Amino acid sequence: MGKTVRQAARATLQLGIAAAMAFGMYLFITVLLVTAIATLAVVGAWMLPETVTLVRRIAGAKRHQVAAWTGRAVPEAYQPIEGTLRERLRIAVRDPGTRTDARWMLAYYVYGALFFLAVPLWPLGLAVDGVWSGLLRRDALVLPLISRLADLDAHWSETLLKPSPRARLAERVEELTATRADAIAAHGAELRRIERDLHDGAQARLVSLSMRIGLARRAYDRDPEAARRLLLDAQDQAEAALIELRHVVRGIHPPILTDRGLAGAVRALAASSGLEVAVDVRGLEDTDGPRPPAAVEAAAYFVVAEALTNAAKHSGRDHAEVRLARTTRGVRVLVRDDGRGGAEGGAGTSGPAATTSGPGTTGSATVTGRPGPPAVGAPAMGGSGLLGMRRRVAALDGSMAVTSPVGGPTVIEVELPCVW
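Under the working numbering, the residue at position 140 of the sequence shown is numbered 136, and the numbers go up by one with no gaps.
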């Protein structure tokens, strides 16, 4: 009986808040009428976008209330009201979200008063359920009706406030447009990075190699010993040029991903990161089914490489944790360190060198790596640090969440969708 009373009290509070919101909307009719008259008279056209913005906030408050009661978030899809007055008027009128909010407001003028149906149920419920449930030990009959009224209010509001398919489509188009622009910018930055690496690295060494071979050829007849030294120097230059070319190739797509898959490549990163890294791989070993697409593997590898490099440089600790898991919708990546926190979007550079190491079985393993040669991991597309991660993940329609309060820990969690 006590649990039933508490639930009924909670439902009554929910309905009371809903009724107060409905009463506020009754008063809001005056604002709507003033806005409509002023807009028709043209002189007050600027009021329409502001009124629509206010309606959005009211609808957002109701969505929050419904989510608190049901435990399910109610999504929203609005076009941002910005630009010139004419553009703002057009968006305010044509946005499908405006029609959704208007439909909900009209219905809420009616069902927002469910609270007044709950009030008389209390004395009746205390009398009937006090005997029926308290004395006879039967299930309560009347007080649960108050919870059902709250459920009804939440259900109707959730149904009416859900974005229409057209609004969801418009939001999706905007999201894909922004993602496409980021992907193009990132691709351009990647091409410029490759061109810069080739020009400043391998090309410069090849020019130096050509000059030394030319000098050695001219000195061969008159000073064989000098020619021999020049050829040895040219050989060193050729080896350095090969190293530079391998660096560029690995920056485009690390060969270890092709050879050993995501699990092996991440263990190699952990072994060469200079940190003590606990690696947990579930469902992504070679024996666990098909591999993720190459683009998904590369993005996951990049996230781990970037996060471990940031942890080694900025966390102030020598321990990190990496988790890789196959999910029904794709691949989940989690990187955690117990450092000082406060991560920002610009921190970090490309990942550390990868050398094969670590156990090859599914589950958890801890590998301690020595500092390796710099930067043969996947590079940041269009920027380094968290910005580069976000762009690469967004290009694959994935999601990325970063939690890094001052004092730590820093947790980076990425979801990359793919079809298995």
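In this text, a Cβ means the ideal position worked out from N, Cα and C, and glycines have one as well. Since we're looking at a predicted model, the values are computed, not measured.
Measuring alpha carbon to alpha carbon, tell me which of the options ends up nearest residue i.
i      : options                           : result
Thr96  : Gly79, Pro71 and Ala390           : Pro71
Asp393 : Val327, Arg336 and Arg332         : Val327
Asp333 : Arg319, Thr323, Arg325 and Thr324 : Arg319
Leu145 : Arg201, Asp284 and Leu117         : Leu117
Asp196 : Pro159, His243, Glu281 and Leu9   : His243
Gly338 : Arg52, Ser153 and Val402          : Val402
Thr66  : Arg386, Ala7, Ala73 and Glu235    : Ala7
Pro436 : Val62, Val48, His60 and Arg68     : Outside the modelled stretch of the chain, which goes from -3 to 416, sits residue 436, for which no answer is possible.
Ala136 : Thr94, Thr0 and Ala308            : Thr0
Ala174 : Ala390, Val275, Ser153 and Trp416 : Ala390
Trp152 : Asp125, Gly93 and Tyr104          : Tyr104
Asp147 : Val415, Leu241 and Gln61          : Gln61
Asp125 : Glu317, Pro140 and Phe112         : Pro140
Val275 : Arg162, Ser311, Arg313 and Leu330 : Leu330
Pro161 : Asp91, Arg225 and Val138          : Asp91
Ala64  : Glu409, Leu205, Gln10 and His310  : Gln10
Val115 : Leu172, Glu167 and Ala4           : Ala4
Glu167 : Trp100, Leu85, Val203 and Tyr74   : Tyr74
Gly121 : Leu172, Pro413, Val51 and Gly(-2) : Gly(-2)
Arg2   : Ser143, Phe24, Pro289 and Asp219  : Ser143
Ala295 : Leu253, Leu102 and Arg313         : Leu253
Phe112 : Phe298, Ala14, Tyr216 and Lys309  : Ala14
Leu44  : Ala123, Val273, Gly20 and Glu83   : Glu83
Leu50  : Phe24, Asp255 and Asp282          : Phe24
Val277 : Tyr297, Pro289 and Glu221         : Tyr297
Ala290 : Val415, Thr31 and Ile408          : Val415
Ala236 : Arg192, Ala200 and Leu226         : Ala200
Leu304 : Glu221, Trp100 and Ile408         : Ile408
Asp418 : Lys58, Arg224 and Gly257          : The shown model of the chain, from -3 to 416, leaves out residue 418, and the question about it has no answer.
Leu102 : Leu28, Glu170, Glu171 and Val138  : Leu28
Pro413 : Met21, Ala32, Val292 and Val300   : Val292
Could you tell me which residues DSSP puts in a beta bridge with residue i?
i      : result
Ser206 : Answer is none; Ser206 lacks a bridge partner.
Ala397 : Glu409
Leu439 : It is not possible to answer for residue 439, since the shown part of the chain is limited to -3 through 416.
Between which two residues does the beta strand (DSSP E) carrying residue i extend?
i      : result
Arg278 : Glu272 to Arg278
Taking residue i and residue j to be in contact with their CB atoms under 8 Å, please state how far apart those CB atoms are, rounded to whole angstroms.
i      : j      : result
Ala55  : Leu165 : Actually they do not touch by this definition, with Cβ atoms about 20 Å apart.
Glu302 : Gly381 : 7 Å
Arg213 : Asp229 : In fact, because the Cβ distance is near 14 Å, the residues do not count as touching under 8 Å.
Pro250 : Ala259 : Actually they do not touch by this definition, with Cβ atoms about 14 Å apart.
Glu411 : Ser400 : Contact flag wrong, Cβ pair sits at about 18 Å.
Ala198 : Leu241 : 5 Å
Arg322 : Asp284 : 7 Å
Thr406 : Ser311 : 7 Å
Gln233 : Leu205 : 4 Å
Thr80  : Ala88  : Between Ala88 and Thr80 the Cβ distance is about 13 Å, and since that is not below 8 Å, they are no contact.
Ala316 : Gly270 : In fact, because the Cβ distance is near 10 Å, the residues do not count as touching under 8 Å.
Leu110 : Ala41  : Between Ala41 and Leu110 the Cβ distance is about 37 Å, and since that is not below 8 Å, they are no contact.
Gly257 : Arg218 : Actually they do not touch by this definition, with Cβ atoms about 57 Å apart.
Gly279 : Arg336 : So it is not a contact: roughly 33 Å between Cβ atoms.
Identify the continuous alpha helix (DSSP H) that holds residue i and give its terminal residues.
i      : result
Ser143 : Pro140 to Leu157
Trp100 : Pro92 to Tyr107
Tyr297 : Ala290 to Asn306
Val420 : This structure leaves residue 420 out entirely; the chain is present only between -3 and 416.
Leu382 : Gly381 to Ala391
Trp128 : First-last for Trp128: undefined, no H or E at that position.
Ala422 : Residue 422 lies beyond the range of the chain shown here (-3 to 416); nothing can be said about it.
Leu113 : Phe111 to Ala114
Less than 6 Å between the CB of residue i and some heavy atom of the ligand GDP, yes or no?
i      : result
Ala308 : No copy of the ligand GDP occurs in the structure displayed, which carries no ligand at all.
Pick out the complete beta strand (DSSP E) segments inside the region 36 to 79, 3 residues or longer, and give them in chain order. none
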